[in-house]
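In this note's numbering, the protein residues as written are 63 to 779.
All C-beta atoms in this analysis are idealised placements derived from N, C-alpha and C, irrespective of residue type, glycine included.
Just so you know, these numbers come straight off a predicted model, no measurement behind them.
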């Protein structure tokens with residue numbers, strides 16, 4: 063009996079505590095939340111930023127026309143837009159039912175809105191001003207109407223009557239917004255001229271926020287090679303149309319553009335002049351101009367697909383959230399366009415699941431940072447609330463965006479304790495450390511966050527402090543180095559002159575032979591044509607010397623990968639595979655030597671295989687004498703000196719290119735034209751070899767699978 067009482071008591075305690083635990087847990091959501099680190103890698107297992115709260119709009123009713131006292135279901139049908147006003151009340155453009163549905167801020171039904179004397183026809187957008195006037199893009203009627211708070215029709219606008227309005231523009235309004243000045247912005251279906259801007263009286267003002275026509279490298283080639291008539295016959299390329307718009311509390315307008323060819327700047331934050339503010343980077347952050355996230359699982363289900371942004375919502379701090387109707391993902395970014403979170407999940411067919419969206423078409427946010435996502439396949443509106451983790455990130459990010467870096471430090475530290483791989487937390491802590499003057503710690507955080515701009519700024523401060531403390535020592539050491547190099551150079555020249563003046567007739571020692579090889583390397587760099595000719599006709603080079611140079615070139619490439627400053631080499635050192643670098647280097651050298659020798663043998667070349675191999679090695683010497691010092695010197699440079707760094711690096715690559723050109727010309731006794739043809743044929747032969755190697759590897763794998771299956775068949779029988 064006593065055990066039974068204890069069991070009942072324990073059961074009662076569990077029944078009371080389990081609901082509480084379930085309510086506070088963030089792991090109960092039906093979708094996965096992700097983020098990316100500063101190197102673009104997907105971070106799995108991120109705590110949910112938002113948790114689904116409720117489903118709105120599934121319990122709508124209207125009076126039966128035959129029996130007004132009887133209420134019959136009237137759910138949303140193909141809704142197209144949701145808008146949250148300044149009182150957090152919800153408006154939905156219920157296109158299929160030709161009405162606007164008004165909900166209380168708690169999601170309960172309030173009323174239907176439609177002008178009695180002028181019915182709506184397929185409305186696609188609704189917007190409510192601060193004074194309560196309701197603007198509707200009445201697409202089916204090719205107009206935009208204005209109603210007072212009671213739903214009485216006040217005004218309507220059709221296609222503007224203006225000499226500046228193109229005659230071919232079809233006025234099918236799909237989105238309308240209004241700024242605080244009373245200016246009206248209308249996006250039309252397929253309207254590639256931009257949004258139509260009307261003044262407060264409804265007169266046409268201008269086209270606003272038009273996108274640029276896509277222009278690829280192929281288009282550039284066509285423009286260069288085609289005649290004007292031929293290029294005019296090409297399919298006319300027009301800018302992609304604006305699909306959606308929203309406006310924030312500060313009057314900035316966000317345009318949404320989607321399409322299979324639109325892979326960047328899908329979201330633009332425009333000022334009054336139409337300039338995109340998201341395209342500008344700050345001093346300590348880079349630019350992200352591609353929006354709409356996806357996972358490898360998304361691509362496996364739709365390999366050729368790209369994100370297609372349907373709508374965006376902006377909160378009071380400038381953070382914006384976008385929905386993607388291709389992968390059904392929700393992505394959230396801060397005011398600078400840096401990713402905070404994204405999430406999504408597959409919804410089962412035939413049922414509506416809380417938190418899973420099948421066809422997102424519109425999104426908005428209320429003053430409590432709650433998200434409302436409209437699903438026009440399930441015909442419902444889903445509400446999401448911030449989780450504890452999401453609220454902590456929001457608070458920390460808000461302080462950072464406001465410039466209160468030191469105040470945000472404790473909150474970002476708490477975020478980092480919960481998720482050690484959360485990049486915005488690393489960036490926030492880096493800014494806090496920079497603000498406090500702890501530049502060493504700031505550089506560490508910026509490097510972990512993958513922010514080369516912030517890292518460079520921090521290092522600039524570290525370098526400045528070091529120079530202020532050690533300038534005298536640095537200047538003295540520099541003078542000693544210059545004076546010592548002059549002395550060594552003079553002694554070296556005297557040594558060489560004595561050796562060259564010696565009349566000894568004894569055979570050269572091995573050391574003297576190596577000295578001659580080293581001298582010829584520097585002679586070749588000064589006089590490349592004569593130097594390569596000497597390789598062919600005077601036997602100046604050797605296989606051993608070539609192998610040593612190639613080993614040095616491989617070392618130079620590896621050292622550049624490993625030790626170039628993070629400011630110029632944004633990679634993870636842990637991901638550098640020196641064995642793969644070695645394999646790629648060997649394949650490149652062998653492919654060039656073999657293909658160039660074979661092409662030259664066919665194309666009247668005079669060089670032997672030995673000459674081609676040794677010459678290839680000598681042409682890579684700049685990698686050693688420039689690449690290694692440049693990698694080391696980069697660690698005392700910042701992005702302010704980037705032009706100097708890239709000038710030296712590009713000059714080295716051009717130098718190597720010329721050396722390869724002169725190598726082919728001298729070893730094979732070609733003219734300039736013949737040399738160009740030989741190099742182009744060599745590159746083509748390398749490409750053919752790569753394709754054949756790929757096919758061979760595929761066939762080898764198929765043969766291996768066939769032999770294994772044959773073996774299993776024989777052994778089993």
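Do you know how far the Cα of residue j is from the Cα of residue i?
i           : j           : result
residue 137 : residue 120 : 6 Å
residue 589 : residue 635 : 38 Å
residue 402 : residue 356 : 14 Å
residue 594 : residue 255 : 60 Å
residue 118 : residue 480 : 32 Å
residue 190 : residue 172 : 16 Å
residue 690 : residue 533 : 26 Å
residue 526 : residue 629 : 16 Å
residue 423 : residue 391 : 12 Å
residue 87  : residue 96  : Annotation note: pLDDT 39 at residue 87 (below 50); position unreliable, coordinate value reported separately. Straight-line Cα distance between these residues: approximately 18 Å.
residue 312 : residue 721 : 58 Å
residue 283 : residue 692 : 35 Å
residue 384 : residue 319 : 11 Å
residue 724 : residue 286 : 30 Å
residue 620 : residue 351 : 32 Å
residue 535 : residue 687 : 27 Å
residue 93  : residue 406 : 5 Å
residue 301 : residue 372 : 18 Å
residue 447 : residue 184 : 30 Å
residue 426 : residue 152 : 9 Å
residue 516 : residue 530 : 21 Å
residue 648 : residue 102 : 29 Å
residue 862 : residue 434 : Residue 862 lies beyond the stretch modelled for the chain, which goes from 63 to 779, so this question has no answer here.
residue 632 : residue 369 : 26 Å
Which residues in the same chain as residue i place their Cβ atom closer than 7 Å to its Cβ, once the five residues preceding and following it in sequence are excluded?
i           : result
residue 673 : 597, 598 and 729
residue 308 : 239, 316, 374, 375 and 376
residue 100 : 485, 511, 512 and 513
Is it buried or exposed for residue i, if we count other Cβ within 10 angstroms and need 16 for buried?
i           : result
residue 404 : buried
residue 509 : buried
residue 337 : exposed
residue 98  : buried
residue 380 : buried
residue 626 : buried
residue 280 : exposed
residue 548 : exposed
residue 762 : exposed
residue 642 : exposed
residue 83  : With a pLDDT of 33 at residue 83, under the threshold of 50, the modelled position of that residue is not reliable, and no figure is offered here.
residue 274 : exposed
residue 209 : buried
residue 727 : buried
residue 771 : exposed
residue 519 : buried
residue 166 : exposed
residue 410 : exposed
residue 278 : exposed
residue 790 : The requested residue 790 is not part of the displayed model; the chain covers only 63 to 779.
Taking residue i and residue j to be in contact with their CB atoms under 8 Å, please state how far apart those CB atoms are, rounded to whole angstroms.
i           : j           : result
residue 251 : residue 219 : Between residue 219 and residue 251 the Cβ distance is about 16 Å, and since that is not below 8 Å, they are no contact.
residue 388 : residue 408 : Between residue 408 and residue 388 the Cβ distance is about 13 Å, and since that is not below 8 Å, they are no contact.
residue 114 : residue 444 : 6 Å
residue 339 : residue 329 : No, residue 339 and residue 329 are not in contact; Cβ-Cβ is about 11 Å, not under 8 Å.
residue 141 : residue 441 : 6 Å
residue 458 : residue 470 : 5 Å
residue 523 : residue 507 : So it is not a contact: roughly 14 Å between Cβ atoms.
Taking 8 Å as the CB-CB limit, is residue i close to chain B?
i           : result
residue 635 : Annotation note: the requested chain B is absent from the structure, which comprises a single protein chain.
Suppose the cutoff is 6 Å on Cβ atoms and the five residues either side in sequence are ignored; what does the same chain contact list for residue i look like?
i           : result
residue 623 : 638
residue 244 : 262
residue 585 : 593
residue 487 : 474, 477 and 478
residue 258 : 248
residue 246 : 240 and 260
Taking 8 Å as the limit between beta carbons, can you name the residues of its chain near residue i, skipping five residues before and five after?
i           : result
residue 759 : none
residue 396 : 380, 381, 402, 459, 463 and 486
residue 699 : 627, 629, 630, 706 and 707
Next on the checklist: Contact between the segment 654-673 and the segment 731-747 is defined here as three or more beta-carbon pairs at a separation below 8 Å; is this criterion met?
Outcome noted: Flag = yes, the segment 654-673 and the segment 731-747 touch.
Next on the checklist: Using 8 Å as the cut-off, can you tell me whether the segment 408-421 makes contact with the segment 127-135, which would need three or more C-beta pairs spanning the two stretches below that distance?
Outcome noted: Flag = no, the segment 408-421 and the segment 127-135 do not touch.
Checklist entry - Taking contact to mean at least 3 C-beta pairs separated by less than 8 Å, is the segment 176-188 in contact with the segment 153-163? => result With a cut-off of 8 Å, the segment 153-163 and the segment 176-188 count as touching, because enough Cβ pairs lie within range.
Checklist entry - Contact between the segment 678-686 and the segment 607-616: three or more CB pairs below 8 Å? => result The segment 678-686 vs the segment 607-616: in contact.
Checklist entry - Three or more C-beta pairs closer than 8 Å, one from the segment 201-211 and one from the segment 223-242: is that the case here? => result Contact holds: three or more Cβ-Cβ distances are below 8 Å.
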